[in-house]
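Have a look at the structure below, then the notes.
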Amino acid sequence: MLDFLPSPIKGALVVVLILLNTLVLFPFLLLLGIIKLLVPVTAVRKLCSAILNAIARYWIGFNNVLMKVFHKVEWDIRGVEGLSRNQWYFVTCNHQSWADIPAIQYVLNSEIPLLKFFLKKQLLYVPLLGIAWWALDFPFMHRHTKEQIAKNPALKGKDTEATRRACEKFRYMPVTIFNFMEGTRFTPEKHRRQNSPYKYLLKPKAGGTAFVFSAMGEMIHTMLDVTIVYPDGRPGIWDYLSGKVRKIVIDVKVHEVPAHFLGMDYENNREVRVEFQRWVSGLWAEKDERIEELLKG
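Taken in order, the sequence shown gives residues 7 to 303; the numbers are from this note's numbering.
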């Protein structure tokens with residue numbers, strides 16, 4: 007609609023409107039978070055969680071509307087049929103750009119439960135943001151270092167168990183856990199330094215995904231393997247916000263997670279660890295081929 011405007015003006019307007027929307031919504035999020043923290047009544051907390059998730063979904067939806075109003079992006083979206091907001095999911099994606107997350111939110115916001123990330127427990131104490139993340143039910147990881155476990159072997163296995171207890175609330179509230187398996191954005195330099203066996207991908211880090219399946223295996227049985235491709239080249243976040251990205255391809259493959267990986271003891275069972283890493287490597291090899299196919303059109 008307003009695609010005729012110069013890119014710098016479009017980008018500036020989009021950023022300003024996103025900031026204004028955030029400033030309007032954040033006090034409500036903070037207030038509900040404080041109520042949720044101070045009123046330990048299950049019904050009240052569930053109501054607050056529902057409203058908070060609605061606020062977050064609205065925030066993403068508003069951003070998506072801005073993309074439609076200011077930019078003319080050709081979206082090639084595949085594989086989202088049959089997804090449900092009443093099901094638990096684990097989502098992973100190749101990491102090309104800072105634009106990946108808003109692009110994925112654009113496609114999946116109305117299709118599945120709100121995307122959430124595992125955060126380190128220390129982030130719970132970040133002023134304002136900590137309570138916002140807690141209020142939005144972002145799960146916090148309890149991770150001891152190898153050195154701590156070596157000094158106190160009784161800590162072995164406690165991390166997964168503590169996180170499993172913290173995720174109990176998700177048993178009654180569908181959630182989507184998101185994780186970039188590569189751990190960082192793809193660049194030719196990182197690809198060369200890793201000596202990656204893949205043409206378009208960095209090596210996947212299986213540990214974070216295994217942690218999710220170990221802690222939440224009773225709830226999450228389905229993985230959405232998202233492949234994102236920018237046919238005109240990897241954009242920066244400013245390129246995305248200012249309308250310089252003209253085409254985005256997002257392909258979603260649905261995988262049922264093998265049952266023996268759900269609730270597995272990844273850290274202590276070497277046989278399971280090797281098998282899981284092999285499974286992840288197979289998924290990544292398929293993704294690498296899929297990227298080549300999508301780029302060829």
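Every residue, glycine too, gets a C-beta built ideally from N, C-alpha and C. Everything numeric in this text was worked out from a predicted model, so none of it was measured.
Reduced DSSP secondary structure (H/G/I, E/B, other) of residue i
{"i": "residue 259", "result": "strand"}
{"i": "residue 94", "result": "coil"}
{"i": "residue 187", "result": "coil"}
{"i": "residue 240", "result": "coil"}
{"i": "residue 205", "result": "coil"}
{"i": "residue 219", "result": "helix"}
{"i": "residue 84", "result": "strand"}
{"i": "residue 8", "result": "coil"}
{"i": "residue 268", "result": "coil"}
{"i": "residue 192", "result": "coil"}
{"i": "residue 89", "result": "coil"}
Residue from the options with nearest C-alpha to residue i
{"i": "residue 137", "options": "286, 48, 159, 32", "result": "32"}
{"i": "residue 98", "options": "210, 271, 22, 295", "result": "210"}
{"i": "residue 10", "options": "52, 36, 53, 79", "result": "79"}
{"i": "residue 206", "options": "243, 154, 101, 122", "result": "101"}
{"i": "residue 208", "options": "196, 219, 41", "result": "196"}
{"i": "residue 75", "options": "34, 176, 53, 7", "result": "7"}
{"i": "residue 3", "options": "93, 268, 249, 108", "result": "One cannot answer for residue 3 here, as it falls past the ends of the chain, which runs 7 to 303."}
{"i": "residue 17", "options": "271, 282, 244, 285", "result": "244"}
{"i": "residue 278", "options": "219, 250, 139", "result": "219"}
{"i": "residue 118", "options": "143, 133, 88, 266", "result": "88"}
{"i": "residue 59", "options": "143, 299, 226", "result": "143"}
{"i": "residue 121", "options": "134, 40, 96", "result": "96"}
{"i": "residue 111", "options": "62, 135, 237", "result": "62"}
{"i": "residue 235", "options": "54, 92, 256, 192", "result": "256"}
{"i": "residue 116", "options": "69, 177, 283", "result": "69"}
Endpoints, the alpha helix (DSSP H) within which residue i is located
{"i": "residue 285", "result": "276-302"}
{"i": "residue 35", "result": "13-44"}
{"i": "residue 59", "result": "48-76"}
{"i": "residue 139", "result": "135-141"}
{"i": "residue 250", "result": "Unbroken run through residue 250: none, as it is neither H nor E."}
{"i": "residue 156", "result": "152-157"}
Alpha-carbon to alpha-carbon, residue j and residue i
{"i": "residue 231", "j": "residue 301", "result": "17 Å"}
{"i": "residue 47", "j": "residue 125", "result": "25 Å"}
{"i": "residue 222", "j": "residue 103", "result": "28 Å"}
{"i": "residue 85", "j": "residue 303", "result": "16 Å"}
{"i": "residue 260", "j": "residue 147", "result": "26 Å"}
{"i": "residue 19", "j": "residue 280", "result": "49 Å"}
{"i": "residue 13", "j": "residue 248", "result": "5 Å"}
{"i": "residue 35", "j": "residue 73", "result": "24 Å"}
{"i": "residue 215", "j": "residue 56", "result": "26 Å"}
{"i": "residue 93", "j": "residue 227", "result": "9 Å"}
{"i": "residue 251", "j": "residue 198", "result": "26 Å"}
{"i": "residue 246", "j": "residue 239", "result": "12 Å"}
Range of the contiguous beta strand (DSSP E) that encloses residue i
{"i": "residue 118", "result": "That residue, residue 118, is in no beta strand (DSSP E); it is neither H nor E in DSSP."}
{"i": "residue 229", "result": "228-235"}
Expected contact under 8 Å - CB spacing of residue i and residue j to nearest Å
{"i": "residue 169", "j": "residue 145", "result": "7 Å"}
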